[in-house]
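Asker: Counted from 1, the sequence shown has number 45 at position 45 by full-length UniProt numbering; the numbering is strictly sequential. Glycine included, C-beta positions come from ideal geometry on N, C-alpha and C. The structure's right below; bear with me while I get my questions together.
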Amino acid sequence: MKIQRLERDRLGFEYNLYAQRTFPWKGVTTPFEGAWCVLPPGQESLPHHHEEKETFIIVKGCGQVKSDDQQDVVQAGDVVYFEPHTRHSIVNIGDEDLEFFSMWWWENKRPIQTPEDYSI
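Quick look at the structure:
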């Protein structure tokens with residue numbers, strides 16, 4: 001068993017939210033990549049699109065997910081899926097931090113990317 005601890009006081013800032021990359025890490029490989037994400041009240045993640053498939057698993061709070069010309073309210077326990085090349089973002093519409101786990105993967109696994117490699 002391997003455990004990677006969430007370090008809330010050391011979250012990085014990317015896509016206009018706070019995040020900690022979770023997968024992969026040294027000694028652990030997966031067919032997907034992931035990040036724990038925290039979005040403060042009233043904030044919106046940076047709208048973006050990419051060639052990976054992506055899923056948000058909402059863990060705490062409530063938000064409004066925007067995807068191309070669609071939008072819907074989500075809350076803890078909801079799961080959102082985005083097809084590749086879909087422009088998407090999420091807005092925290094609640095009074096507390098919106099926390100979610102994001103994971104993304106390619107149809108045919110590619111080398112690990114950095115945020116700078118994404119189309120924004």
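Identify, in the order they occur along the chain, each residue of the same chain with its Cβ nearer than 7 Å to the Cβ of Glu52, setting aside the five sequence neighbours on each side.
Answerer: To locate residue 52, count along the sequence shown from 1; it is residue 52. Here the set comprises Pro84, Trp104, Trp105 and Trp106.
Asker: Kindly indicate the opening and closing residues of the beta strand (DSSP E) around Glu33.
Answerer: As a position in the sequence shown, residue 33 is number 33, starting the count at 1. In the DSSP assignment, Glu33 falls within the beta strand (DSSP E) that extends over Glu33 to Leu39.
Asker: Identify, in the order they occur along the chain, each residue of the same chain with its Cβ nearer than 6 Å to the Cβ of Lys66, setting aside the five sequence neighbours on each side.
Answerer: By one-based count along the sequence shown, residue 66 stands at place 66. Closer than 6 Å at Cβ, skipping near neighbours: Ser89.
Asker: Rounding to the nearest angstrom, what Cα-Cα distance links Val80 and Phe56 in this structure?
Answerer: To locate residue 80, count along the sequence shown from 1; it is residue 80. To locate residue 56, count along the sequence shown from 1; it is residue 56. For Val80 and Phe56, the distance between alpha carbons rounds to 5 Å.
Asker: Does the contact criterion of 3 or more C-beta pairs under 8 Å hold for the stretch 29-43 versus the stretch 90-103?
Answerer: yes
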